[in-house]
Amino acid sequence: DAKTTQPTSMDCAEGRAANLPCNHSTISGNEYVYWYRQIHSQGPQYIIHGLKNNETNEMASLIITEDRKSSTLILPHATLRDTAVYYCIARGSGTSYGKLTFGQGTILTVHP
Amino acid sequence: EAGVAQSPRYKIIEKRQSVAFWCNPISGHATLYWYQQILGQGPKLLIQFQNNGVVDDSQLPKDRFSAERLKGVDSTLKIQPAKLEDSAVYLCASWNGWDEQFFGPGTRLTVL
C-alpha cells in the first residue's frame, strides 16, 4: 500500500471551508484514495473515495491532482461536529484488496 | 441497515488474564476485519477474514492473540494472556466487497 502523509493538526472556523491535504506520491495506478474520519470514542466513518476524478457527495468533496500524487478533502461548511481525526488512505490492491492502512491522520479542530 | 455490533464496549482486566471480544458484522458482508488502535495512533489491522477463512493475519501476535469466524458471520477475538501493552481499542469492521468498510464502536480494553 502506498504511504500517505498528512499534517498532524489543523484548525478551522465554524462555517468556513476546511481543506485537508494529503500526499501520496507513491500511489499506484489502481489504488483508490479513501478518506475516513474518527470522532472521539467512535469507530472510523467513511467520507469519500476517488481514483482519478474529483468526487463530491453530501459530506465532502475530494480533489485529486492530475498526477495523483496528492489530494485535498474539502468540507465546504465546517461545523463543530466535524471536529475529528481525518485519515487519508491509499486502499490496497491485489492480495491486500480491501485492506486499509491507517496513518496518524490530521486532527481537525473546528472553532466557534 | 443495522451497523456493526461489538461487545463489550469496555473491559478492564489484570495482566496475564484472558479476554474475549465479540463482533457481529453487517448482514451479508463476507469480509470481516479486526483492528487494534492504541491511544494517539491510527487503527492497525490485526486480521482479515473472507467468510470463515483467514486472508491476512500477518500482524496478529499469534503467541497470545487468536480469532475465529466459524460460521462466516460473527467473530471472536481473544487475548491470552494479556499484557499491559495490549491496552487499546479493538475495532471490528465489515465489507461487502465494493462499498466502504463499516466500523463498529469498538471495545476499549484496559490492562492493569
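So the sequence lines, in the order shown, correspond to chains A and B.
Positions 4 to 115 (this note's numbering) are the ones given, in order, by the first sequence.
Positions 21 to 132 (this note's numbering) are the ones given, in order, by the second sequence.
Even for Gly, the Cβ is constructed at its ideal location relative to N, Cα and C.
**Q.** Short CB-CB distance (under 8 Å) between Pro125 of chain B and chain A
**A.** Here residue 125 of chain B is taken as the residue at index 105 of the second sequence, counted from 1. Closer than 8 Å to some Cβ of chain A, the Cβ of Pro125 of chain B qualifies, so yes.
**Q.** Pick from A:Cys91, A:Thr11, A:Ala81 that is closest to Glu17 of chain A, judged by C-alpha positions
**A.** For the purposes of this step, residue 17 of chain A is taken as the residue at position 14 of the first sequence. Nearest C-alpha to Glu17 of chain A: A:Ala81.
Q. Who are the near neighbours of Lys91 of chain B in its chain, counting only those whose CB is closer than 7 Å to its CB and skipping five residues on each side?
A. Your numbering for residue 91 of chain B matches position 71 in the second sequence. Closer than 7 Å at the Cβ level, and outside the excluded window around Lys91 of chain B, lie Asn72.
**Q.** Entirely enclosed beta strand (DSSP E) segments - the segment 29 to 86 of chain A, minimum 3 residues
**A.** The segment 29 to 86 of chain A is shown to contain whole beta strand (DSSP E) runs of 3 or more residues at 36 to 41, 48 to 53, 64 to 67, 73 to 78, in chain order.
Q) Taking just the CA atoms, how far does Thr51 of chain B sit from Pro10 of chain A? A) By 1-based counting over the first sequence, the position of residue 10 of chain A is 7. By 1-based counting over the second sequence, the position of residue 51 of chain B is 31. Straight across, the Cα-Cα distance linking Pro10 of chain A with Thr51 of chain B is about 31 Å.
Q. Per the contact definition of three or more C-beta pairs closer than 8 Å, is the segment 64 to 80 of chain B in contact with the segment 118 to 125 of chain B?
A. No contact exists between the segment 118 to 125 of chain B and the segment 64 to 80 of chain B.
(Q) Measuring only the C-alpha atoms, how far is Ser74 of chain A from Arg36 of chain B? (A) Taking the first residue of the first sequence as 1, we reach residue 74 of chain A at position 71. Taking the first residue of the second sequence as 1, we reach residue 36 of chain B at position 16. Computed Cα separation, rounded: 45 Å.
Q | Sheet register partners of Gln61 of chain B (DSSP bridge) | A | To locate residue 61 of chain B, count along the second sequence from 1; it is residue 41. According to DSSP, residue pairing for Gln61 of chain B in a beta bridge does not occur.
(Q) Please classify Gln56 of chain B as buried or exposed, where buried requires at least 16 other C-beta atoms within 10 Å of its C-beta. (A) As a first step, residue 56 of chain B must be located in the second sequence, where it is residue number 36. Around the C-beta of Gln56 of chain B, 16 or more other C-beta atoms lie within 10 Å, and the residue is accordingly described as buried.
**Q.** Among A:Phe105, A:Thr86, A:His114, nearest to His43 of chain A - alpha-carbon criterion
**A.** Along the first sequence, one-based indexing puts residue 43 of chain A at 40. The option with the nearest alpha carbon to His43 of chain A is A:Thr86.
Q) Within 8 Å (strictly less), CB to CB, does Leu111 of chain B reach chain A? A) On the second sequence, position 91 is the one that residue 111 of chain B refers to. Yes, Leu111 of chain B counts as interfacial toward chain A.
Q: State yes or no: is the beta carbon of Gly2 of chain A nearer than 8 Å to at least one beta carbon in chain B?
A: Look at the range of chain A in this structure, 4 to 115, and you will see that residue 2 of chain A is not part of it.
Q) Relative to the C-alpha of Trp115 of chain B, which residue among B:Arg84, B:Val131, B:Asn44 is closest? A) Start at 1 with the first residue of the second sequence, and residue 115 of chain B comes out as number 95. Nearest C-alpha to Trp115 of chain B: B:Asn44.
Q | Cα-Cα separation between Arg94 of chain A and Asp94 of chain B, rounded to whole angstroms | A | Residue 94 of chain A sits at position 91 when you count from the first residue of the first sequence. Residue 94 of chain B sits at position 74 when you count from the first residue of the second sequence. So the two alpha carbons sit approximately 24 Å from each other.
Q: Starting from Gly199 of chain B, trace the beta strand (DSSP E) both ways and give me its first and last residue.
A: Outside the shown range of chain B, which is 21 to 132, sits residue 199 of chain B, and nothing can be said about it.
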